[in-house]
Each structure stands twice: as C-alpha cells, then as structure tokens.
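Residue numbers (this note's numbering), protein chains in the order written: chain A, 16 to 147; chain B, 130 to 806; chain C, 3 to 226. Below is one structure; the comments refer to it alone.
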Amino acid sequence: MHLAYPAVLAVLLFCVGLYGVLARRNAILVLMSVELMLNAVNLNLVAFDVWLRDKLHAGQALTLFTIAVAAAEIGIGLAIVLLVYRNRGSSDVDRLRDLAERPDGSDPDDGSDPNDDTPGRPRPDHRAEAAA
Amino acid sequence: MTTTTTAVLVPLLPFLGALAGLLLGRRAPGFVRPLAILPTVAAAALAVVVAVSQGGGAGAGKAPVDAATRLTPTGSVPIDLALHIDGFAALVAVLVAVVACCVQLYSTGYLRDDPRYPSYAALVSLFTAAMLLVVYSGDLMVLLVGWEIMGICSYFLVGHYWETEAARSASLKAFLVTKLGDVPFLFGIFALAADAGTFRITGILKTVAVGGLDHPTLIALLLLAGVAGKSAQFPLHTWLPDAMAGPTPVSALIHAATMVAAGVYFVARLLPVFAASATAMVVLAVMAAVTMVGSGLAALAQDDIKRVLAYSTVGQLGYMTGALAVGDRGAAVFHLLSHGAFKALLFLAAGVVIHAAGTNSLAAMSRMRGLARRIPDAYWTMTVALLALAAIPPFAGFFSKEAVLGAAEHAATGHPTASGTLAAVPAAAGWTVLLAGLLTALLTAGYAARLWLLAFHGKGPEPAPDHGKQPLVMNTVLWVLFVPTLALGLATPVLPDWFDGRSLTPTLTTSVLGTGVALVGALVTYGAWRHTTALAARVPLGAVAVDPDAAPADSEERAIATHAAAYGDNAGAPDPADPGRLLLGPLHRPAAVGFHLDAVYTALFVRPVRAAARLVRFLDREVVDTYVNGAGTASRWLGAAVRRAQTGNVQTYLGALLAGSFVLAVAVVLVATGTGA
Amino acid sequence: MTLAAASHGFLSPTGVEIAFLLVGLVTLGAAVVTVTTKQLVHAALWLVVALGGIAVEYLLLTAEFIAWVQVLIYVGSVVVLLLFGLMLTKAPIGRSENADSGNRWAALIVAVASAAALVWVVTDAFRTTWIDLDGAVQGSTEASGRSLFQYWVLPFEALSVLLLAALVGAIVLSRKNDDRERSDGSERPGSGKQSGPREQSGSREQPGSRERPGDRARLREDQG
C-alpha cells in the first residue's frame, strides 16, 4: 500500500481536528477535536510501524500508550470542564477570558467572569462580590 | 601688640560678634546687645589705635603697613591674605567703625521691640566687618570677598521689614543692581591681575607706575561698572533711593560708612590704575556730573524724608567720584569722611523725626505744628548737619566740598598740582566736575533748605503728635555724631599728612563761588516756601496712620507701608504746598520718579528678560514637552495596540501560535530544500 | 523500497488501497462533520463514525489489536464520557447557532494552510514509498502482546500509574464539595475552595457570593 494514503489521511484528520480546536466554542467539542488530532497521530504511528516492520513494534506500543494517555486526558479534561461549568455556568471556551488585561477593571461578559479554573487556584471572591 | 595684629583684629572682632550673635541670638537674648555693641566699639578703638600709630602716613614719610600670608596657591596668580594700611585705609576704617558703633547703639533704641533684632544686629556687625575687610585688605580677591558679603548683607538688611512689599522689592533690587555691576567688576579684577601678575594692591600699583598695564581703559571701565553699582553712581544708582525701605539705622550705615563708601574707596585705592587711562577719567567725570545734577533735581521732588537724604547721598558720592576724576583722592576721601559723619547724623535724626511725626512724608510733616519743639535734639543736630550738607562754612561739609571743587579747579585751569604725580588729568574732566559741582551746590542748598523748612516749620491746624521722649541712647548718638559734623573742618591742615600730602585748604575762588551759590539756593527755596506755605493750610493732606505709642521701628515700617497707599507713590506726593514743585516746574514729575530711569530699565532689561522667560517657558512647554509627551503617548498607544492582542481567548492565542509555527515551518522547509531563493 | 516502488504502479491501486481510500473518505467526512455540525450531540455521534473508521484503517494496516483497542476505548468509553460531559454541562439538544466561536475564519485559514503545507511535504517525501502488507501480520494480538510485555513492560506499568493518577484527579476535580462541612478543606485547597451552584445545602458557612455567578448563570439559561 502506498504510504502516502495513511500519511495524507492522518494529515487531513489532524488539520480537521486543528480547525475544531480553534473554531469550536463548547469546551467538550474542543476535547472531541483533540481526540481527532490524537487519532491522526495514532494512525501515523501505526502506518509507519507497519511500513518499517519494526522488531520492537515501537509504533504500536506507542499507539497504545497514546490511547491510554488520551483516555486519561479526556477524563481529566471533562472533570475540568465540569468544574468550570459549575463555577461559571458556561463551558464556552471563548468566554473564559480572565487572562485578558482589563485596564478599566470591568468584567468582559457581564459578571459571569471567566477564570482559568485550575484546581489549585483560589477563586477571586471579591470579583463575585463586586459583580453582585 | 604690633600694628599688624591690631589691624587684623579690627575686621575680625565684628565678624566674630556677628557669628556669635547669629548662633546665640535665639537662645540667649540677653547677650545680643553686648555682642552687637562691644565688638564694634572695640574695633573702633583699635581702628583709632591703628590710625594714630599710622599717623602721618605717606606725608610724614612713614611707610604703609604691609603684611601678607599666602592664602592659597592657585597655580597662576596667587591669592594672599594681605593687609595694606596707608593713611586712607586707617582713616576710613576709623569712620566705618565709629559710624557702625553709633548705628549699633542707636539700633538698641530704635529696634528695641523688634523680634528680629538679634539677626539684625548680627548682620550689621557682619556688614561692618566686611567693610573693614575691604578697607584694610591688600589683596583684590580678599577685598572682593568683603565686597560681596556687603552685597548680601545689604540685601538682608534692606529687606528687614520684609512684610511690606516695598521692602521686599527694594532688597531684591539692591541686590540685583549691585550684582549687575559686580559681574564686570569681577572681570575687571581678573583682567587687572592678569596684566599685573598679582592680586596684591602694592604689586599692581608698582606695575602701573612703570606703565605695565596692557589694557588700562578696558580694566578701568570694567572696574567702574562695579564701583557705579556699589557707590550708586549713574546709571546704577536706582537701588539706593528704594533701599530707604530698610530701617533708618541701616540706611545710615549703608549711606555713611559701608556700602556706598566702598566704591569710592576702591577707586581711591587704585586711582593710578584709573589715571592710566584718560578715557576712564573722562567717563568718571561725566558719570559724576550726571549723578550730581540729576540726584540734586530728584532730591528736590521727593516727599519721603529718607528718599531726599538718599538722593543727597547719591549727589555727595558724585562729588567724591568727581574728585577722583580730577585725580585728587585726598579730597575724595576727605569728603567721604565728613560726609560719612554728617550723613549718618542726618539719617539717624531722620529716624527720630519719623518716629516723632509718625510719618515719613514731608507733605504730612509740613502740616504739623511744632514738630521741632517735640524733638529739640534732633532739630538742632539736623540743622547743623543740613548746613554741613549745604557746605555752609564753618561746618565740615564746607571744607571737604571746597577741597573737591578746588581740585576740580586745579585740573580745569591746568594749575600744577601740589604733588604733581597725577598730571594726566584731562582739563575737560576738570571743567565738567567744576561746573556740575557748582550747580549741585545750588541744588543741595535748595533741597536741604526745603527739607528743613517742611520738616520743622510746618504750619497747620494740628500739633505734632506727642510720642513722649525719644530714647536717650538715640539722642546721645546724635550728639556724638554732631561733634565731627561741626568740627571736622579743623582737621583740614592735618589730614594731608595721612593722604598724598596735597593741601586740602579751600581756595578763595571756589569758596566764594560755592558758598554764594549755596546761599542763593537756600534763599530761593525760602522764598518759594514763603510763597507756597499759605497753600498748605488750605489743602489738607497726609494721614498719619501710626499708633503714637509704637516703637520707632514699628512706626517707620507702618509709614513705609502706608506711603504708597496714601499718596499713590513711594516717592512723591501731590502736594501743591511743596516749594520743590514751584522751583522745578515741569521738571517736578520726572524728578520725583528719578527721571524715569526705572522705566528705562524696565524697557531695557526687565521686559526682554520676561519675554525671554516666556519664550523659554513656551519652548519648554510646547516644544520640549511635546517630545516628552509624544514619547509617552506613543508608548501608550503602542501598549494599547499590543494589549488588544491579549484578548484572553485561548483559541486566538492558539491560532496565532499555530499560524506562526506554520510560517516558520514553511520557511525552514523552503530554506532546507533550497527553493526559497 | 526503491524496488517496491518499481513493482507498484501508482495508478493501479490494489484492493486494500481502494478500501483504505474509501474508508478514509468516510472517516474524513465524519471528522469534518464532527467539527462543523451545529448539533452538539450529533458531533459526538459523528465522532464515533470517525473513530470507527480509523479502527477500520488500523485493520487494513494489519494492526488488529490496536483496532480493537481503538474500538473499545474510544468508541466505547471516550465517546460515552463525552456524551456524559455534554449532558452534565446541559448542552442544548438540537441546533445551536453559536456552536462556533468568532475566530472561525482564522481557524479555517490556519487549518487549511497547515493542511496544504503538510500534505505537500508528506506527499513530496513519501510519494515513492510503499508499505508491504503481504508479509506476516504486524499487529496481531500475539505480536503486540509479545513486544509489549517483552520490551515495553516498564513503560506499561508506569502508564498504569499515570492512569491511576488521572483517575484520582478526575474524581477529586469533579466530586461535589461536601467535605467542607466535615473538614476545613485545607488538605485539598483546590477542590475545597470550589463550590458549585448545585450544592446549596453545603454552603452554609459561605454567604451567597460564592453561589451567585452560578445562580445567575442558571437564571440566564432559563431565560434563554
């Protein structure tokens, strides 16, 4: 089989995933797009492993590892999205804008201010009070 | 104690007194008066000792005292801490110290309730010390130190009543105008030292004697600028009348002994330098003539009693510079001495008059009955001092002024002078000084008579306010100064021993002319006064705003502060009963304001400086600040532009990151494959 | 491989290639629909198609073990997890017009440019390379298991630890915050300080400010 087929398919899948990551608003859809990208990589790994006839099967082993890591990622990712949704009432990626600099100190989106909700980070309570 | 040690102590004692007064003034008020008076009195006594031991000076063949210690090696022209005491220095020092004593004593009465008396007394001591340093110094740089200390002291003392606007501006004006002269003066000293190779006066005089100066005219004119500033000669005299805003004792000190005398004394010391340039002598003569006549006219129009005296000082200083212009420093210093005595007396008496009348306005005094009876001491001493000022024989002023006129006549008619050393005086200078001197004698007698008539012979419905008896110490000082005023003429035959040896005896021609002219002036003024005095009763004028029980300094301060408010002007008063108005006619208004010289200065200097300041401000605000603000605004805009990129949207960041990495990857691939070219 | 290149014609595809191509097209189409559809749940379902297509591709590449793992883990668990996620975040059922964010065109440009560049590079690099699928099966369960437990044991075990950590982390993150009543929460600052809108019973000691954003968000949702 021509190597270009899986390789090009992987490239196209990867770029579709890339588009999804950049364009989707819902965080869960973004996670789906990430899965697409990971699968594109997996496809590449498997194809090259088969092509190279690697004695160690490094490509396939790595694919398995990637799948495992992807499973872990999706679990953690979904947990984070749930947490964000619980605190913010929304899981829209482009509304989580606490990283932006606000010279006037006003909230970008009407009080339901975004925050990057890494779990170790305390919530800025004063903002909520000010908004209330 | 050698003469040198004694001489060193003379300026040092008041200086230490001033230091101690400044340090202890606040903590130990009881020591202030002793600290002010005792060092000055001791300095006066030592100055007398120095003068006596130095007695006879050059005339009697005794060499001047010269002592020096190298102060600092400068690499080129060394600076020495040098003394040079000849007859001039010894006698002027006596005058300075005695007048300073009188002023200090008088001040204890005059400023007895003043809260700033400690600093005032210390500054007067410092002023005295600086003048004594100038007098005794044998090195021009050291002399300059004293010269500048006097400048700053005059600034502080003239501004003693700094609560009043007039005093503040007057002190600033005195400082700035004298500094205007001091800058060329400094250059002149440097040029002189560069030519002579030394700052020592003896060395300079030696160089001049062998004709070693390369630029005598330039040096003399530069030095003249400083002298004109300090000695209040035209055109830098304008600070002196305004300096009347200071306390009366300070005026006496400045006018009689210290500040204004310094310029004349300096020229007398370095007269050979000036005499080396005929141009400088003519300039000096013209300056003296303009000063004399102009100040005489202005004095006739002044309403403030102290301003009349101030203009008379300017005129008498004109006599002294006139004498120097005709090459007779003996006459100049003689007039300096006698003028110092009677002008100190005049000012101190004027202080008493102002206190008694509660006003400094002659127009107001001329409407008071019996002011002379309230203050008989001041009345009599002032009468004699005015006679001396008008050069009526046999008082001191007559002899000294006739010495000046005689010297001018010698120069004008080309008589061989007695010593014959200064034969290079142009005849034009002699004639200028002689004619201006005679005219000024007329004017002097006129304003002296006007002052006397208006102040002491007022006719009005109101009697002079009763302020009680004047402080004893003030009257005592008046009588102390009365002695030299009356009798300094007796010293005429002796003085040449201290000076160059030239005779100071009045000649017949000038004596008759001068006295006659003075009598004419006095009589004409009397006639005019008889004519106008009837008006005084009809036109009520002059408000006395001073509390009768106020201390002398307080009443003077109040009088100065209210003069402009009451009469619309610091100098003149719209008084139709003024004989000066009748005598001067259309000249009265310009004379009252000093011939608009201040306006000329305003147009020449103040406005250009203000315009330049406005220009600088404009350049700073509009041009320089534009760049600064532009830099700030540009970075702010740039920051705002960059900030817009920070949207907080992770997807935007990621997109930009991927786009950038894509571009980089493409570039790398193109370079790697070699097709990018 | 040059020999292989000589023995294969570019325009004479084998049956495997045709199958690969067709399945690839389906996969790609499903992926495209996944990232473009306006219905969120449909996106998850289309993702199932795409992932399943990839599993078929693995089979065509003779990596059968990987294929079944793909089906089990991705189609079986990951997508189910995603669907649960959609449900828990109250994703709207039906078309939602704002499923794509504002920078969709920039994303499209970046994606297309990357795709063009990568496709160009990949085809340029591998246009004369063929995979020999005729030999022994590369990814049978036996082969994979043999290599995995012969050569990759240590990473495999490490991966199990990673999975365990992820499991614990996910539980900690998504657990409701009841423990604030029993302890001061200091041993788990991250989860301890996060309090959700759905736990009114557990927020006695924190006055309303903590719940308000969530409350308001819910209100807004109700209105919208």
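In this text, a Cβ means the ideal position worked out from N, Cα and C, and glycines have one as well.
Range covered by the alpha helix (DSSP H) that runs through residue i
{"i": "isoleucine 56 of chain C", "result": "42–62"}
{"i": "alanine 115 of chain C", "result": "106–128"}
{"i": "tryptophan 828 of chain B", "result": "Residue 828 of chain B lies beyond the stretch modelled for chain B, which goes from 130 to 806, so this question has no answer here."}
{"i": "methionine 16 of chain A", "result": "No alpha helix (DSSP H) holds methionine 16 of chain A; DSSP gives it neither H nor E."}
{"i": "tyrosine 76 of chain C", "result": "Where tyrosine 76 of chain C is concerned, there is no enclosing alpha helix (DSSP H), given that its DSSP letter is neither H nor E."}
{"i": "histidine 344 of chain B", "result": "Per DSSP, histidine 344 of chain B belongs to no alpha helix (DSSP H) and is neither H nor E."}
{"i": "aspartate 371 of chain B", "result": "368–371"}
{"i": "serine 764 of chain B", "result": "754–774"}
{"i": "isoleucine 95 of chain C", "result": "Premise fails: isoleucine 95 of chain C is in no alpha helix (DSSP H) and is neither H nor E."}
{"i": "serine 283 of chain B", "result": "269–287"}
{"i": "isoleucine 112 of chain B", "result": "In this structure chain B extends from 130 to 806, so residue 112 of chain B is not present and cannot be described."}
{"i": "leucine 619 of chain B", "result": "Unbroken run through leucine 619 of chain B: none, as it is neither H nor E."}
{"i": "asparagine 54 of chain A", "result": "42–67"}
{"i": "asparagine 102 of chain A", "result": "73–103"}
{"i": "aspartate 727 of chain B", "result": "726–730"}
{"i": "glutamine 780 of chain B", "result": "779–802"}
{"i": "alanine 427 of chain B", "result": "407–430"}
Contacting residues, own chain, Cβ-Cβ under 7 Å from residue i (five flanking each side not counted)
{"i": "leucine 240 of chain B", "result": "Tyr246, Tyr249, Pro376, Ala682"}
{"i": "glycine 267 of chain B", "result": "Asp195, Ala197, Ala211, Leu212, His213, Arg329, Ile330, Thr331"}
{"i": "leucine 350 of chain B", "result": "Ala409, Val412"}
{"i": "phenylalanine 395 of chain B", "result": "Val356"}
{"i": "valine 61 of chain A", "result": "Gly74, Gln75, Thr78"}
Residue i burial status per 10 Å Cβ neighbour count (16 or more: buried)
{"i": "glutamate 751 of chain B", "result": "exposed"}
{"i": "glutamate 686 of chain B", "result": "buried"}
{"i": "phenylalanine 463 of chain B", "result": "buried"}
{"i": "glycine 147 of chain C", "result": "exposed"}
{"i": "threonine 661 of chain B", "result": "buried"}
{"i": "asparagine 758 of chain B", "result": "exposed"}
{"i": "serine 790 of chain B", "result": "exposed"}
{"i": "aspartate 311 of chain B", "result": "buried"}
{"i": "tyrosine 756 of chain B", "result": "exposed"}
{"i": "threonine 621 of chain B", "result": "buried"}
{"i": "methionine 416 of chain B", "result": "buried"}
Nearest-angstrom Cα separation, counted from residue j out to residue i
{"i": "alanine 568 of chain B", "j": "phenylalanine 724 of chain B", "result": "The question names alanine, yet the displayed sequence has leucine at residue 568 of chain B. Answer to the nearest angstrom: the Cα atoms are 18 Å apart."}
{"i": "proline 809 of chain B", "j": "proline 364 of chain B", "result": "Any property of residue 809 of chain B remains undetermined from this structure, which presents chain B solely from 130 to 806."}
{"i": "tyrosine 576 of chain B", "j": "leucine 429 of chain B", "result": "5 Å"}
{"i": "valine 37 of chain C", "j": "arginine 40 of chain A", "result": "10 Å"}
{"i": "leucine 571 of chain B", "j": "alanine 385 of chain B", "result": "22 Å"}
{"i": "isoleucine 75 of chain C", "j": "leucine 37 of chain A", "result": "25 Å"}
{"i": "methionine 449 of chain B", "j": "threonine 542 of chain B", "result": "19 Å"}
{"i": "alanine 145 of chain A", "j": "asparagine 59 of chain A", "result": "Because the pLDDT at alanine 145 of chain A is just 40, under 50, the model does not fix this residue reliably, and the value given afterwards should be weighed accordingly. If you take the alpha carbons of alanine 145 of chain A and asparagine 59 of chain A, they lie about 51 Å apart."}
{"i": "lysine 530 of chain B", "j": "alanine 520 of chain B", "result": "7 Å"}
{"i": "aspartate 215 of chain B", "j": "leucine 305 of chain B", "result": "32 Å"}
{"i": "valine 253 of chain B", "j": "proline 202 of chain B", "result": "32 Å"}
{"i": "isoleucine 333 of chain B", "j": "glycine 326 of chain B", "result": "8 Å"}
{"i": "alanine 22 of chain A", "j": "serine 764 of chain B", "result": "48 Å"}
{"i": "cysteine 230 of chain B", "j": "leucine 167 of chain B", "result": "9 Å"}
8 Å contact criterion, which residue i and residue j should meet: CB distance rounded
{"i": "leucine 93 of chain A", "j": "leucine 83 of chain C", "result": "6 Å"}
{"i": "valine 26 of chain A", "j": "leucine 49 of chain C", "result": "Going by Cβ atoms, the distance from valine 26 of chain A to leucine 49 of chain C rounds to 19 Å, so no, they are not a contact pair."}
{"i": "leucine 33 of chain A", "j": "leucine 787 of chain B", "result": "7 Å"}
{"i": "serine 149 of chain C", "j": "leucine 67 of chain A", "result": "Rounded, the Cβ-Cβ distance is 13 Å, inconsistent with contact."}
{"i": "alanine 537 of chain B", "j": "leucine 563 of chain B", "result": "4 Å"}
Run of the beta strand (DSSP E) containing residue i, from where it starts to where it stops
{"i": "leucine 212 of chain B", "result": "208–214"}
Same chain only: Cβ atoms within 6 Å of residue i, ignoring 5 sequence neighbours per side
{"i": "glycine 392 of chain B", "result": "Val356, Lys359, Ser360"}
{"i": "histidine 468 of chain B", "result": "Gln445"}
{"i": "arginine 579 of chain B", "result": "Thr654, Pro708, Gly709"}
{"i": "proline 219 of chain B", "result": "The question names proline, yet the displayed sequence has alanine at residue 219 of chain B. Closer than 6 Å at the Cβ level, and outside the excluded window around alanine 219 of chain B, lie Val179, Ala180, Gln183."}
{"i": "valine 227 of chain C", "result": "Not covered by the structure: residue 227 of chain C. The range shown for chain C is 3 to 226."}
Same chain, Cβ closer than 8 Å to residue i, neighbours up to 5 away in sequence not counted
{"i": "alanine 299 of chain B", "result": "Val287, Gly288, Trp368, Asp371, Ala372, Met373, Ala374, Gly375"}
{"i": "leucine 713 of chain B", "result": "Leu426, Leu429, Ala430, Ala720"}
{"i": "phenylalanine 29 of chain A", "result": "Leu51, Met52, Ala55, Val56"}
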